[in-house]
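Going by UniProt numbering, the sequence shown opens with residue 1, and the numbers climb by one from there.
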Amino acid sequence: MKERGVARTPRCSLIEHRNKIHRYVVGDRSHPETIRIYLKLEELLRKIQNIGYEPKTEFILHDVDVDVKEDMIKEHSEKLALAFGLLVTEEGLPLVITKKPQDLWRSP
């Protein structure tokens, strides 16, 4: 894509909690609960790796190291929104995560 001059629009994941929209991008560390979110994310990743999950790095940019690719997958915006949702939502209630191009998102 780079060679053709095509740029990909960054995307963000959104989840609502207590009438407030929480927005995440890849590798986001701006949320006040960042430490708890990343601890929950690590817990989730350990569980799914124990049952055979392997990140598919072939779909990530070709000009970055494998470790960086794996981090990009691990810290994907949807995974961050999911970890936050699991921390703050009562068990059994649905989590709704939406994805939007970042340039369409406007902070209130």
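Backbone N, C-alpha and C fix where the C-beta goes; we use that ideal spot for every residue, glycine too.
Examine the ligand NAP and report whether any of its heavy atoms sits within less than 8 Å of the Cβ of residue i.
i     : result
Leu95 : The ligand NAP is absent from the structure shown, which contains no ligand whatsoever.
List the endpoints of the continuous alpha helix (DSSP H) containing residue i.
i     : result
Glu16 : Premise fails: Glu16 lies in the beta strand (DSSP E), Arg11 to His17, not in any alpha helix (DSSP H).
Which of the three DSSP states, helix, strand or coil, is assigned to residue i?
i     : result
Val96 : coil
Ile37 : helix
Lys79 : helix
List the whole-angstrom C-beta distance separating residue i from residue j, where the pair is believed to meet the contact cut-off of C-beta under 8 Å.
i     : j     : result
Ser13 : Leu80 : 7 Å
Arg36 : Leu82 : With a Cβ gap of about 13 Å, Arg36 and Leu82 do not count as contacting.
Out of the options, point me to the one whose CA is closest to residue i's CA.
i     : options                       : result
Leu44 : Asn19, Phe84 and Glu90        : Phe84
His76 : Leu95, Asn19 and Tyr38        : Tyr38
Thr25 : Arg46, Ile35, Asp65 and Met72 : First, the residue type needs correcting, since residue 25 is Val and not Thr in the sequence shown. Looking at the Cα atoms, Met72 is the closest of the given residues.
Which two residues bound the contiguous beta strand (DSSP E) that contains residue i?
i     : result
Ser20 : Looking at the sequence shown, residue 20 is not Ser but Lys. Per DSSP, Lys20 belongs to the beta strand (DSSP E) from Lys20 to Tyr24.
Pairing CB atoms from the region 45 to 57 with CB atoms from the region 91 to 102, are three or more of them under 8 Å? no
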